[in-house]
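Going by our numbering, the first residue of the sequence shown is number 40, and it counts up by one from there.
In this text, a Cβ means the ideal position worked out from N, Cα and C, and glycines have one as well.
All of these numbers come straight from a predicted model, not from anything done at the bench.
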Amino acid sequence: MIRILLAEDDDSMREYLARALDRSGYKVTAVDRGTAALPLLESQTFDLLLTDIVMPEMDGIELAQRAAVIAPAMRVMFITGFAAVALKGGAAPPTAKVLSKPFHLRDLVMEVDRMFEVGSATEI
Numbered sequence: 040m041i042r043i044l045l046a047e048d049d050d051s052m053r054e055y056l057a058r059a060l061d062r063s064g065y066k067v068t069a070v071d072r073g074t075a076a077l078p079l080l081e082s083q084t085f086d087l088l089l090t091d092i093v094m095p096e097m098d099g100i101e102l103a104q105r106a107a108v109i110a111p112a113m114r115v116m117f118i119t120g121f122a123a124v125a126l127k128g129g130a131a132p133p134t135a136k137v138l139s140k141p142f143h144l145r146d147l148v149m150e151v152d153r154m155f156e157v158g159s160a161t162e163i
């Protein structure tokens, strides 16, 4: 089973995304900030870091940079309403995907499915 670490500071968005991915067959561990994600990255294995960019304490780009050192094989996807501004200057990993808010849950699941070459999500 593909394991996803979701870092999203908005409670309702975090629950919404985690539930959709869980229903699509992914194992999701959700945290409310980047600093909460780091100890999990050090103690567990994840296939994907799905992170908001704008979060308190540590933004998603810094989280992704630290994650690349801890788990270099893990894939990264950013979810943000500030993609054009936040990703200027090449601070994000070059292989990272970006999904701009607002998006439909089906789009998120299809992007994750595509990353791991699994069947398409039709139930969302």
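- Cβ atoms of alanine 103 and alanine 135 come within 8 Å of each other, at about 6 Å.
- In the structure shown, isoleucine 118 adopts extended strand secondary structure according to DSSP, grouped into three states.
- Take leucine 89, set aside five residues on each side of it, and the residues of its chain with a beta-carbon closer than 6 Å to its own are Ile43, Leu45 and Met116, in chain order.
- In the three-state scheme derived from DSSP, where H, G and I count as helix and E and B as strand, arginine 153 is classed as helix.
- Burial state of arginine 72 is buried, judged by a 10 Å Cβ sphere holding 16 or more other Cβ atoms.
- Cβ-Cβ distances below 7 Å link leucine 77 to Arg105 in the same chain, with the five nearest sequence neighbours on each side left out; the list follows chain order.
- Under the three-state reduction of DSSP, arginine 42 is assigned to strand.
- Straight-line measurement puts the Cα of glutamate 81 at about 21 Å from the Cα of alanine 57.
- Between the alpha carbons of serine 63 and arginine 53 lies a gap of roughly 15 Å.
- The shortest CA-to-CA distance from glutamate 47 to any of Asp98, Met40, Leu79 and Tyr65 is the one to Asp98.
- Beta-bridge pairing by DSSP links alanine 69 to Leu45.
- DSSP, reduced to helix, strand and coil, places valine 93 outside both helices and strands of the structure shown, so it counts as coil.
- Comparing alpha-carbon positions, the option among Asp86, Ala75, Gly120 and Phe85 lying closest to glutamate 101 turns out to be Ala75.
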